[in-house]
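Enquirer: For the record, in the sequence shown the residue sitting at position 137 is 136 according to numbering that gives the first Met the number 0, with numbers rising by one throughout. Ideal Cβ positions, reconstructed from N, Cα and C, are used throughout, including at glycine. The following block contains the structure, expressed as structure tokens.
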Amino acid sequence: MAGAPQPDSLAPTVPGIASGESRGGEALPDVLLISGGDVVTMNARREVLTGGTVAIAGDRIAAVGSTSALRAAHPGATELDASGCIVTPGLVNAHQHHTGDPLVRGCIPDLLAPGESIFSWSVPLHAEHTGGDDELSATLTAAQSALCGVTTLVEAGTVAHPGRVAAGMAAVGVRGTVGTWGWDVEGAPFAAPPDEVLDRQRAVLADHPAGGLIEGWVTLVGHDLASDELLVGAADLARGAGCGLTMHISPTSSDPESYLHHRGARPLVHFDRLGILGRHLLLAHGVWLDDDEVELVLASETAIAYCPWAYLRLGQGVTSAGRHLELARRGGRLALGCDAGNAGDLPDMLRVAALAAGLARDMPVDPEGFGAHDAFELATIRGAEAIGKATEIGSLEVGKLADVVIFDCEASALTPRGDVALQLVWGSDGRDVRDVIIGGRPVVRDGHCTTVDVDELRLTAATAQGDLLRRAGIEVPHTWPQVPAG
Numbered sequence: 000m001a002g003a004p005q006p007d008s009l010a011p012t013v014p015g016i017a018s019g020e021s022r023g024g025e026a027l028p029d030v031l032l033i034s035g036g037d038v039v040t041m042n043a044r045r046e047v048l049t050g051g052t053v054a055i056a057g058d059r060i061a062a063v064g065s066t067s068a069l070r071a072a073h074p075g076a077t078e079l080d081a082s083g084c085i086v087t088p089g090l091v092n093a094h095q096h097h098t099g100d101p102l103v104r105g106c107i108p109d110l111l112a113p114g115e116s117i118f119s120w121s122v123p124l125h126a127e128h129t130g131g132d133d134e135l136s137a138t139l140t141a142a143q144s145a146l147c148g149v150t151t152l153v154e155a156g157t158v159a160h161p162g163r164v165a166a167g168m169a170a171v172g173v174r175g176t177v178g179t180w181g182w183d184v185e186g187a188p189f190a191a192p193p194d195e196v197l198d199r200q201r202a203v204l205a206d207h208p209a210g211g212l213i214e215g216w217v218t219l220v221g222h223d224l225a226s227d228e229l230l231v232g233a234a235d236l237a238r239g240a241g242c243g244l245t246m247h248i249s250p251t252s253s254d255p256e257s258y259l260h261h262r263g264a265r266p267l268v269h270f271d272r273l274g275i276l277g278r279h280l281l282l283a284h285g286v287w288l289d290d291d292e293v294e295l296v297l298a299s300e301t302a303i304a305y306c307p308w309a310y311l312r313l314g315q316g317v318t319s320a321g322r323h324l325e326l327a328r329r330g331g332r333l334a335l336g337c338d339a340g341n342a343g344d345l346p347d348m349l350r351v352a353a354l355a356a357g358l359a360r361d362m363p364v365d366p367e368g369f370g371a372h373d374a375f376e377l378a379t380i381r382g383a384e385a386i387g388k389a390t391e392i393g394s395l396e397v398g399k400l401a402d403v404v405i406f407d408c409e410a411s412a413l414t415p416r417g418d419v420a421l422q423l424v425w426g427s428d429g430r431d432v433r434d435v436i437i438g439g440r441p442v443v444r445d446g447h448c449t450t451v452d453v454d455e456l457r458l459t460a461a462t463a464q465g466d467l468l469r470r471a472g473i474e475v476p477h478t479w480p481q482v483p484a485g
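The following block contains the structure:
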């Protein structure tokens, strides 16, 4: 894996995507009415319009109101019947790995020594990922996300082929950010001097400018894998470009221990001394923060992407060390994330919201301090604010991008109807998603992705998995013996 990453391949895209274009290319109606559902606006008053309608013109929300009034205002408009359904803003996933794990989901064992999953699995797998693997992985992740009602994803960084990752996301039609990992420590894959790493970041920003469906972000690996020069340069680049900077920090105690050993201060204290904290920065995880670091996060308005399934799955100590509830209660910029295919496993934000709410209630033994409504805010409007997009997404309000999810209330957990947040967070998950509209365009209809052939992608992924594992020299262990039936 040594050396600079190669330019994104121009070879044909993976099966299941027709030449990189989606299958949902039909002309959109002038006005689309999503009519008759209970519209969870997530506006400032958190209003739920029972039997309401959302009017979409182009890629924006034109109106939210009564069905009769909007039908009268738009005679002859195309209608999508949402009667008896719950209509919500698209869900926001603030930290999702699109490459590395998706093709080997469920293969990396649970019972590994600390660091072994990285050096025995992730590094050799990334070393063998082709551009096609990256695009296939990203397409699968984006399609699975959309089917769960996730319309915006912050991609956690790819090693070598950000353009192919962006192509996979765009083919599905999800909104999101993309970046290429940067680090300048000796011996790391694609490590380079800070200037070269920053040039790679600039190239991603140029290829995926702000305002598009997929936007470039400055993306570092994080942890203790960047020099002070690179950290400062990345923050300056993000501020100057008006985009986000994201990186990993302190999912376990190892980052604080390393920073204390090498820099004499904990990570966020060191970042504060460098002047890199601020609203441009989205830190993934932030599990092991002390009192001073919590205060710095709040004072600087630095955002945190909280991925609770990953911490429980990997045994990283969130129940003993996590401070995310405190950050949420004190008005911190907090979003939810699903992380990687062998950590959070499923890109389903309702599962994450339920876990976040459960931990927030159980850890302090406080059933009155945080609940389903708070968690659903983190998955929508507060998550959008944390990634700097609250003026565009996160709620169903006039002028915002038309990212809309329709939940089928014929599902047993949503019938009979009760409080929408309680039922969505505690009693539902992505399997209840019926339709998804992103930027006014249908991406999921009746529980099926309209833009890519998911069945064909799965077949392609099964072949790609075996090829990737063979190239990486990895044999998947099975705790329970696999015995041929015939």
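1) Taking M168 as the reference, give the member of V153, W182, L146 and A141 with the closest Cα.
2) Is the stretch 239–256 close to the stretch 210–225, with three or more CB pairs under 8 Å?
3) The beta strand (DSSP E) with L90 in it runs from where to where?
4) Assuming E154 contacts V171 (C-beta within less than 8 Å), just tell me the rounded distance between them.
5) Residues bridged to G489 by DSSP?
6) Using CA coordinates, which residue listed in R328, H96 and R332 is at the minimum distance from A389?
7) Does the beta-carbon of Q481 have 16 or more other beta-carbons within 10 angstroms, so that it is buried, or is it exposed?
8) Going by C-alpha to C-alpha distance, which of S136, D183, T151 and H447 sits closest to P161?
9) Identify, in the order they occur along the chain, each residue of the same chain with its Cβ nearer than 8 Å to the Cβ of R470, setting aside the five sequence neighbours on each side.
10) Taking its Cβ as the centre, do 16 or more other Cβ atoms sit within 10 Å of R174, making it buried, or is it exposed?
11) Which full runs of the beta strand (DSSP E) of 3+ residues lie inside the stretch 92–123, going along the chain?
12) May I have a chain-ordered list of the alpha helix (DSSP H) segments no shorter than 4 residues that lie completely inside the stretch 285–313?
13) Using 10 angstroms around the beta-carbon of G23, count the other beta-carbons present and answer buried if the total reaches 16, otherwise exposed.
14) Counting pairs of beta carbons, one from the stretch 443–461 and one from the stretch 93–100, are three or more of them closer than 8 Å?
15) Quick one: Cα of L31 to Cα of P441, how far?
16) Measure the C-alpha to C-alpha separation of R322 and I386 and round it to an integer number of angstroms.
17) Out of E300, S253 and D271, which one is the CA nearest neighbour of V286?
18) By how many angstroms is the C-alpha of A62 removed from the C-alpha of G274?
19) Once DSSP output is grouped into helix, strand and coil, what is the label at V268?
20) Going by alpha carbons, who is nearest to D431 out of T87, P101, D338 and L69?
21) CB G210 to CB R163, shorter than 8 Å?
22) Please tell me whether A371 and W425 are closer than 8 Å, where the distance is taken between their beta carbons.
23) Does DSSP put S499 in a helix, in a strand, or in coil?
24) Look up E409 in the DSSP assignment and say whether it is helix, strand or coil.
25) Which residues in the same chain as P266 place their Cβ atom closer than 7 Å to its Cβ, once the five residues preceding and following it in sequence are excluded?
26) How would you label H73, buried or exposed, when you count the other beta carbons within 10 angstroms and need 16 or more for buried?
27) Take E214 and list the residues in its own chain whose beta-carbon comes closer than 6 Å to its own, dropping the five residues that flank it on each side.
28) Go to M246, then tell me how far its beta strand (DSSP E) extends in each direction, as first and last residue.
29) Is W180 buried or exposed, if buried means 16 or more other CB atoms sit within 10 Å of its CB?
Expert: Per the coordinate set shown:
1) Within the sequence shown, numbered from 1, the residue matching residue 168 stands at position 169. In terms of Cα proximity to M168, the closest of V153, W182, L146 and A141 is A141.
2) Cβ pair count under 8 Å is three or more, so yes.
3) Taking the sequence shown and counting its residues from 1, one reaches residue 90 at position 91. Residues L90 to Q95.
4) Here residue 154 is taken as the residue at index 155 of the sequence shown, counted from 1. Here residue 171 is taken as the residue at index 172 of the sequence shown, counted from 1. A Cβ-Cβ separation of about 13 Å leaves E154 out of contact with V171 under the 8 Å criterion.
5) With the chain covering 0 to 485 only, the question about residue 489 has no answer from this structure.
6) Here residue 389 refers to the residue found at position 390 of the sequence shown. The residue with the shortest Cα to Cα distance from A389 is R332.
7) Reading the sequence shown from its first residue, position 482 is the one you call residue 481. When all chains shown are included, Q481 counts as exposed.
8) For the purposes of this step, residue 161 is taken as the residue at position 162 of the sequence shown. Selected option, being the one with the closest Cα: S136.
9) Along the sequence shown, one-based indexing puts residue 470 at 471. Cβ neighbours of R470 beyond the five flanking positions: E127.
10) Counted from its first residue, the sequence shown places residue 174 at position 175. Its Cβ being crowded by 16 or more others within 10 Å, R174 is buried.
11) Those beta strand (DSSP E) runs which fall completely within the stretch 92–123 and span 3+ residues do not exist here.
12) The qualifying runs are 290–299 and 307–313.
13) Numbered from its first residue, the sequence shown carries residue 23 at position 24. Confidence is the limiting factor: at G23 the pLDDT is only 47, short of 50, which leaves the residue's position unreliable, though a coordinate-based value still follows. So G23 counts as buried.
14) Note that the stretch 443–461 does not touch the stretch 93–100; fewer than 3 beta-carbon pairs, one per stretch, sit closer than 8 Å.
15) Start at 1 with the first residue of the sequence shown, and residue 31 comes out as number 32. Start at 1 with the first residue of the sequence shown, and residue 441 comes out as number 442. C-alpha separation (whole angstroms): 11 Å.
16) Counting from 1 along the sequence shown, the entry for residue 322 is found at position 323. Counting from 1 along the sequence shown, the entry for residue 386 is found at position 387. R322 and I386: Cα-Cα distance of roughly 19 Å.
17) Position 287 of the sequence shown, counted from the start, is the residue given in the question as residue 286. Closest in C-alpha terms to V286, from the list E300, S253 and D271, comes S253.
18) The sequence position of residue 274 within the sequence shown is 275, counting from 1. The sequence position of residue 62 within the sequence shown is 63, counting from 1. When rounded, the distance between both Cα atoms is 42 Å.
19) Locating residue 268 in the sequence shown gives position 269, counting from the first residue. Here V268 sits in helix by DSSP.
20) Translated into positions along the sequence shown, residue 431 becomes position 432. Looking at the Cα atoms, T87 is the closest of the given residues.
21) As a position in the sequence shown, residue 210 is number 211, starting the count at 1. As a position in the sequence shown, residue 163 is number 164, starting the count at 1. Taking 8 Å as the Cβ cut-off, G210 and R163 do not qualify as a contacting pair.
22) Position 372 of the sequence shown, counted from the first residue, corresponds to residue 371. Position 426 of the sequence shown, counted from the first residue, corresponds to residue 425. Contact: yes.
23) Residue 499 lies beyond the stretch modelled for the chain, which goes from 0 to 485, so this question has no answer here.
24) Mapped onto the sequence shown, residue 409 falls at position 410. Collapsing the DSSP output to three states places E409 in coil.
25) In the sequence shown, residue 266 corresponds to position 267, counting from 1. Same-chain partners within the cutoff: I248, S249, D254, P255 and Y258.
26) By 1-based counting over the sequence shown, the position of residue 73 is 74. The residue is buried, with at least 16 neighbouring Cβ atoms inside 10 Å.
27) Locating residue 214 in the sequence shown gives position 215, counting from the first residue. When the five nearest sequence neighbours on each side are left out, the beta carbons in the same chain lying within less than 6 Å of the beta carbon of E214 are those of T176 and H207, in order along the chain.
28) Along the sequence shown, read from residue 1 onward, the residue named residue 246 stands at position 247. First-last of the beta strand (DSSP E) with M246: L244 to I248.
29) Within the sequence shown, the letter at position 181 stands for residue 180. W180 comes out buried.
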